[in-house]
Amino acid sequence: MPDDLAEVYRTTYHALVRFLYRKVWDAERAADLAQEAFARALVHRPANPRGWLFVVAANLARDEGRRRLRERRHLTLLKAEPAATGEHGEPEEAIDLEARRARVRAALEELTPRDREVLLLWDAGLPYEEIAAQTGLAPGAVGTTLARARRRLVEAYEVGSEETHVARG
Amino acid sequence: MSHVDEGTLHAYLDGALPPAERSQVDAHLASCPECRERLAEARALIARADALLALALPAERAAPPLHELRRRPLWWRVRWPIAWAASITLAVGLGWMLRGREARQEFAAFAERDTVPQAVATLQRSTDEPRPMAQPHAPASRSGPLHEQGQGAAERARADSLIPSTNAASGVVPILTPSIATSARPPAVRGAAPTPAVPITVDGMVATGAARVMERARAEPVMSSTWPVIQRGSASRMLGTEPATIPGVPVKDMRMSPYADGVVLVEQVIDSTLVIQLFQRRADAAAADSAAARGYQFQRQRAAERERVERVERLARFVGPLRVEIAGPLGTDSLSKLLELVK
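Protein chains in written order, with our numbering: chain A, 1 to 169; chain B, 170 to 512.
Here it is, written out as structure tokens:
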């Protein structure tokens, strides 16, 4: 197998950041973790860099999630008072975009971990075989899982939107 | 054919069906309006899901150059706070890339008196990658076919290389030719090396095949052993200054070019899987076009052609008054990172 990590970096970096962003929901952190994954790949020189990177990235994101959970407990104590910073000054469009992003995030979190993982891996550009290898699914089951994940995502998003509208009205 | 299930429709639309199955689906769709309708629904669902995911995108920023990643503070923060860890890890990592060669070495002595391999073992333990690369210092708790193969390879490499050396204490070791190496193979006693010396069976070029012993058969030494070993003092005289090295990495030997062109070769070992070569000469000397340069370039090119999978790349840099060229069958990025460490 050609060992051209530079080429994988060029073609996969942004997909990896995207994949990580939907796990940690912080663009900067996602970029940091993606770079960390590539830094490790430089050391380990895996035979299948792309699949390896996504496995490592998923592990990093999981560790990150645990760490953040601990920190958040800490922060809740510190942030007992409501934050003084208001939302004034933000253009309405940005708020709307942010709200929709939050709903997508909430909808993604409604999925089962496996459905979500398959969907995010597909969206990051991995072919069915690699998704199957990473998630332990049979190759023939990836399509079914993806179909279910997509449907649940759309449904959860729409339910979330309705709830928001009801709350506003 | 019965109706096409939803999962198959999604795989069809994702372009993930094998050709045979795909044509079956095509044939069925041609004759089944119901499935065509479901296909349209699936297509709409995919588009909708993609659109939702597209709402959840991070602001895209340019990727930093790959070779910058090593220096990111995160690298120190996340796990390995010790400053030197990254440079050692980098170098060791490069070693795993090195394919098997005729060169084989035993580094038991280094493991006993240096902290580098121990640090490497510690670092290995602290990583949690899913597919550990086989390497001799890996903790025994790791299992799996790849690792076991690596252990076996490591033991064979030890068995191949337990050959006493006489003047290892000086830090400069003799080069044994392959014929000597193959004719003298005492049985290995694992964990109880009979000699604290640094037995070497290197025939000139980078690296051992410990982790990739399977490839040794087709691998060729990139350079012959015709470069005589010299003492550091001679190297300094030839260069008019101290030879450039990667700091903190044991120097295995220094050699001089047999072509009387003033090129000095410093070989440094980092781990049992890695030897780095630094070719150097006075920057003002015109050795680049010499017969020597052409000679070993030619040899490397031939080796690269034979090995096909591997790329043999070389990079050069000026370090003080010296022009230093780093060698190894590594990617450009990897070599340049290592070259940056040279002092």
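Think of the CB as a built atom: it goes at the ideal place given N, C-alpha and C, for glycine as much as any other residue.
Annotation: V43 of chain A is outside any beta strand (DSSP E); the continuous alpha helix (DSSP H) that includes it extends over 27-44. Residue pairing by DSSP puts L434 of chain B in a beta bridge opposite B:R424, B:F448. Among the residues of chain A, those whose CB is under 8 Å from the CB of R217 of chain B are R150, V154, following chain order. Taking the C-beta atoms as reference points, L238 of chain B is found nearer than 7 Å to A39 of chain A.
For V418 of chain B, the secondary structure class from DSSP, reduced to helix, strand or coil, is coil. Against chain B, the CB of L137 of chain A has no partner CB under 7 Å away; the residue lies outside that interface. Within the stretch 404-415 of chain B, no residue has its Cβ closer than 7 Å to any Cβ of chain A.
Within 10 angstroms of the beta-carbon of S426 of chain B lie 16 or more other beta-carbons, which makes it buried. For the stretch 228-239 of chain B, residues whose beta-carbon sits nearer than 8 Å to a beta-carbon of chain A comprise A228, E229, R230, A232, P233, L235, L238, R239.
Non-local beta-carbon contacts of E436 of chain B in its own chain, meaning distances under 6 Å to residues more than five positions away in sequence, involve K421, D422, V444, Q446 in chain order. Ranked by Cα distance from A124 of chain A, the options A:V8, A:E7, A:T12 are led by A:T12. Around the CB of L69 of chain A, fewer than 16 other CB atoms lie within 10 Å, so the residue is classed as exposed. Here E494 of chain B carries a strand assignment [DSSP, helix/strand/coil].
DSSP places A185 of chain B outside both helix and strand once states are collapsed to three, so it counts as coil.
The C-beta of L224 of chain B comes closer than 7 Å to at least one C-beta of chain A.
The three-state secondary structure of R230 of chain B, taken from DSSP, is coil.
Closer than 7 Å to the CB of H179 of chain B there is at least one CB belonging to chain A.
For Q400 of chain B, no alpha helix (DSSP H) run applies, since DSSP gives it neither H nor E.
Here the stretch 24-38 of chain A does not lie against the stretch 123-140 of chain A, with fewer than 3 beta-carbon pairs under 8 Å apart. Under the three-pair Cβ rule at 8 Å, the stretch 118-132 of chain A does not count as touching the stretch 93-107 of chain A.
A485 of chain B carries a strand assignment under DSSP once its states are collapsed to helix, strand and coil. Per DSSP, reduced to three states, the secondary structure at E162 of chain A is helical.
When CB distances to chain A are screened at a threshold of 8 Å, the residues of the stretch 193-214 of chain B falling below it are A211, L214, in chain order. Put simply, the CB of E175 of chain B is near chain A, with a gap under 7 Å to one of its CB atoms. Any Cβ of chain A closer than 7 Å to the Cβ of L508 of chain B would place that residue at the interface, and such an atom is absent.
In summary, the residues of the stretch 22-36 of chain A whose CB is separated from some CB of chain B by less than 9 Å are R22, W25, D26, A27, E28, A30, A31, D32, L33, A34, Q35, E36, in the order they occur in the chain. A residue is called buried once 16 or more other Cβ atoms fall within 10 Å of its Cβ, and T144 of chain A is buried on that count. Closest by C-alpha distance to Q35 of chain A, out of B:L507, B:V488, B:A232, B:F487, is B:A232.
Taking C-beta atoms as the reference points, A452 of chain B and P490 of chain B count as a pair closer than 7 Å. Distance between A149 of chain A and E117 of chain A, taken at the CA atoms: about 9 Å.
Contact of R68 of chain A with chain B is not assigned, every C-beta pair being separated by 7 Å or more. Cα atoms of E109 of chain A and R486 of chain B: separation of roughly 51 Å, rounded to the nearest angstrom.
Separation of the CB atoms of A31 of chain A and V17 of chain A is rounded to 5 Å, and the pair is thereby assigned contact status at 8 Å.
For the set B:E175, B:S171, B:L434, B:H236, the Cα lying nearest the Cα of S200 of chain B is the one of B:S171.
Residues of the same chain with a CB within less than 7 Å of the CB of P188 of chain B, apart from the 5 flanking positions on each side, do not exist.
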